[in-house]
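Residue numbers (full-length UniProt numbering): 1 to 396.
Worksheet: the structure to be examined is printed underneath.
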């Protein structure tokens, strides 16, 4: 039966994490963070690796001391210089673990600034590193470890949805580069309390899943579980027959299809908000029940005025559909951070616009149109996968 085709992704507790490293010490670890790691964390990591190299985010490039560097994490040339120096010093040989802790610096209120910080920490800096790594003929096996905090719905709630952008690198990077990638979500940004558990996890010789989380001393991972779809006895009760619905980005394929579905009921109206403010030709048969509004949901500075106009004119929406966004993409080695950030703005900043609308107008439901790329990636779709994952995070 069709109802049995459906599965849900659920986080499950796998096992208690040990506090003692298992097996032989690994070769080398580079820790990239926004500040110097404390002595306890460094000691735990040195119990697992023969060499631990600290890299702090800063300006330019300089060596601060033995096994300590500062560099601009947006500059592929700075990373290339670091990799070259490690090669010359003999500190990069058969294997290298790269622990990317910059996302732990993202905090405060979830807003436009935190989205920009997550873009920097989860996408731009990692892309710069991979661009540098890919330019060299590597005989070194790379394991990329990505750290976040409260970005995964382990217990149902997500506090840092913007850090779900790490899903992009997690899935896409191994499809474009011969590397292994692991995303580990921590319970808090202060990772010192997880030092022993993190060290024991890094030391494990066995293969680990791409996505993991630590909660209450246990390792968790997402798994697909059967989720049979229970259809209502009366399908017509799902949506009001005479409601008014707001569709953001209804000029694209998905948004247009959903508009058409809503308008099959002759008493429903759709408010179609897009940059051009035009009704798609494909919806011409329903034009009498479509109000086209011109606005850019990525322009958050002007959104309060647009929201005020919507509230004054319509008062309430029976549903809101966020289908804005494009499928723009690029291979990581050719990625232009600024261009792709702007291309994804209607999807990412648009989420904040929708959240503001929810707070002020309390619609009957909100539907975010994400993508399976958030789970499975796709070569050339780093930013699209990341933006879709952030949508999933906001939905939680």
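Just so you know, even glycine gets a beta-carbon here, dropped at the ideal spot from N, CA and C.
These figures come from a predicted structure and were not determined experimentally.
Nearest-angstrom Cβ-Cβ length linking residue 225 and residue 49, presumed shorter than 8 Å: For the purposes of this step, residue 225 is identified with residue 225 of the chain shown, where counting begins at 1. For the purposes of this step, residue 49 is identified with residue 49 of the chain shown, where counting begins at 1. Not really, about 36 Å apart at Cβ, beyond 8 Å.
Residue 30 vs residue 99 beta-carbon contact at 9 Å: Against the chain shown, residue 30 aligns to sequence position 30. Against the chain shown, residue 99 aligns to sequence position 99. Their beta carbons are under 9 Å apart, which means residue 30 touches residue 99 by this criterion.
Of the listed residues 147, 336, 42, 295, nearest to residue 105 (C-alpha basis): Reading the chain shown from its first residue, position 105 is the one you call residue 105. For residue 105, the nearest C-alpha among the options comes from 147.
Where residue 24 sits in the DSSP three-state scheme: Residue mapping note: residue 24 aligns to position 24 of the chain shown, counting from 1. Note: residue 24 maps to coil in three-state DSSP.
N-terminal and C-terminal residue of the alpha helix (DSSP H) that residue 261 is part of: By one-based count along the chain shown, residue 261 stands at place 261. Looking at the DSSP string, the run of the alpha helix (DSSP H) that includes residue 261 is 253–262.
Paired residues, beta bridge with residue 219 - DSSP: The residue given as residue 219 occupies position 219 in the chain shown. 15, 214, per the DSSP bridge assignment.
Nearest-angstrom Cα separation, counted from residue 259 out to residue 276: Counted from its first residue, the chain shown places residue 276 at position 276. Counted from its first residue, the chain shown places residue 259 at position 259. Their backbone Cα atoms lie some 17 Å apart in a straight line.
Local conformation of residue 200 per DSSP, three classes: The residue given as residue 200 occupies position 200 in the chain shown. In the structure shown, the three-state DSSP call for residue 200 is helix.
Proximity below 9 Å, CB of residue 44 to CB of residue 196: The residue given as residue 44 occupies position 44 in the chain shown. The residue given as residue 196 occupies position 196 in the chain shown. Yes; because the gap between Cβ atoms is below 9 Å, this pair is in contact.
Where the alpha helix (DSSP H) containing residue 127 begins and where it ends: By 1-based counting over the chain shown, the position of residue 127 is 127. Run containing residue 127: 125–134, per the alpha helix (DSSP H) assignment.
Per-residue DSSP class, three states only, for residue 390: Numbered from its first residue, the chain shown carries residue 390 at position 390. In the structure shown, residue 390 sits in a helix (DSSP, three-state: H, G or I).
Cutoff 6 Å; reference residue 129; Cβ partners in own chain excluding five residues on either side: Within the chain shown, residue 129 is the residue found at index 129, counting from 1. Excluding positions up to five away in sequence, the list reads 79.
Option in 332, 393, 63 with minimal Cα separation from residue 374: As a position in the chain shown, residue 374 is number 374, starting the count at 1. If we check each option's Cα against that of residue 374, 393 comes out closest.
is_contact[residue 322, chain B] using C-beta, thresh 9 Å: In summary, chain B is missing from the structure at hand, where a single protein chain is found.
Beta-carbon spacing of residue 201, residue 212 below 9 Å: Residue mapping note: residue 201 aligns to position 201 of the chain shown, counting from 1. Residue mapping note: residue 212 aligns to position 212 of the chain shown, counting from 1. Contact annotation: residue 201 and residue 212 have beta-carbon atoms nearer than 9 Å.
Collapsed DSSP secondary structure at residue 362 in the structure displayed: Mapped onto the chain shown, residue 362 falls at position 362. Residue state, collapsed to three classes: coil.
Local conformation of residue 335 per DSSP, three classes: For the purposes of this step, residue 335 is taken as residue 335 along the chain shown, with counting starting at 1. Residue state, collapsed to three classes: coil.
Residue 19, buried or exposed, once every other Cβ within 10 Å from all chains shown has been counted against 16: In the chain shown, counting from the first residue as 1, residue 19 sits at position 19. Flag for residue 19 reads exposed.
For residue 300, the first and last residue of its enclosing beta strand (DSSP E): The sequence position of residue 300 within the chain shown is 300, counting from 1. Element bounds for residue 300: n/a, residue is neither H nor E.
Touch test, the region 310–317 against the region 357–369, Cβ-Cβ under 8 Å, three pairs minimum: yes
DSSP three-state assignment for residue 245, whether helix, strand or coil: The count along the chain shown starts at 1 and reaches residue 245 at position 245. If DSSP states are grouped into helix, strand and coil, residue 245 belongs with the strands.
C-alpha gap between residue 87 and residue 118, whole angstroms: On the chain shown, position 87 is the one that residue 87 refers to. On the chain shown, position 118 is the one that residue 118 refers to. So the alpha carbons of these two residues sit roughly 30 Å apart.
Simplified DSSP state of residue 157, which is helix, strand or coil: Here the question's residue 157 lines up with position 157 in the chain shown. Looking at residue 157 - three-state DSSP - the assignment turns out to be coil, as it is neither helix nor strand.
Euclidean distance between Cα positions of residue 210 and residue 332: For this step, residue 210 is matched to residue 210 along the chain shown. For this step, residue 332 is matched to residue 332 along the chain shown. Cα to Cα, residue 210 sits roughly 19 Å from residue 332.
Sufficient close CB pairs (3 or more, under 8 Å) joining the region 337–351 to the region 130–142: no
Distance CB(residue 17)-CB(residue 218) smaller than 9 Å: For the purposes of this step, residue 17 is identified with residue 17 of the chain shown, where counting begins at 1. For the purposes of this step, residue 218 is identified with residue 218 of the chain shown, where counting begins at 1. Against a cut-off of 9 Å, the Cβ pair of residue 218 and residue 17 comes out as a contact.
With 16 other Cβ atoms within 10 Å as the buried cut-off, status of residue 109: Translated into positions along the chain shown, residue 109 becomes position 109. Counting Cβ neighbours within 10 Å, residue 109 comes out exposed, since fewer than 16 surround it.
Minimum C-alpha distance to residue 101 - residue among 230, 55, 173, 288: Along the chain shown, read from residue 1 onward, the residue named residue 101 stands at position 101. Ranking the options by Cα distance to residue 101, first place goes to 55.
Same chain only: Cβ atoms within 7 Å of residue 381, ignoring 5 sequence neighbours per side: In the chain shown, counting from the first residue as 1, residue 381 sits at position 381. So the list reads 172, 329, 373, once near-sequence residues are dropped.
Through-space distance from residue 112 to residue 273, alpha-carbon basis: By 1-based counting over the chain shown, the position of residue 273 is 273. By 1-based counting over the chain shown, the position of residue 112 is 112. Their Cα atoms are separated by approximately 21 Å.
Residues bridged to residue 183 (per DSSP): Taking the chain shown and counting its residues from 1, the one referred to as residue 183 is at position 183. Its beta-bridge partners are 146, 211.
Contact between the region 152–171 and the region 120–127 (3+ Cβ pairs under 8 Å): yes
Residue 122 in three-state terms, based on DSSP: Here the question's residue 122 lines up with position 122 in the chain shown. Of the three classes helix, strand and coil, the one that applies to residue 122 here is helix, per DSSP.
Beta-carbon spacing of residue 187, residue 215 below 9 Å: Here the question's residue 187 lines up with position 187 in the chain shown. Here the question's residue 215 lines up with position 215 in the chain shown. Result yes, Cβ atoms of residue 187 and residue 215 sit closer than 9 Å.
Those residues which DSSP pairs with residue 63 across a bridge: Within the chain shown, numbered from 1, the residue matching residue 63 stands at position 63. Answer by DSSP bridge pairing, in chain order: 69.
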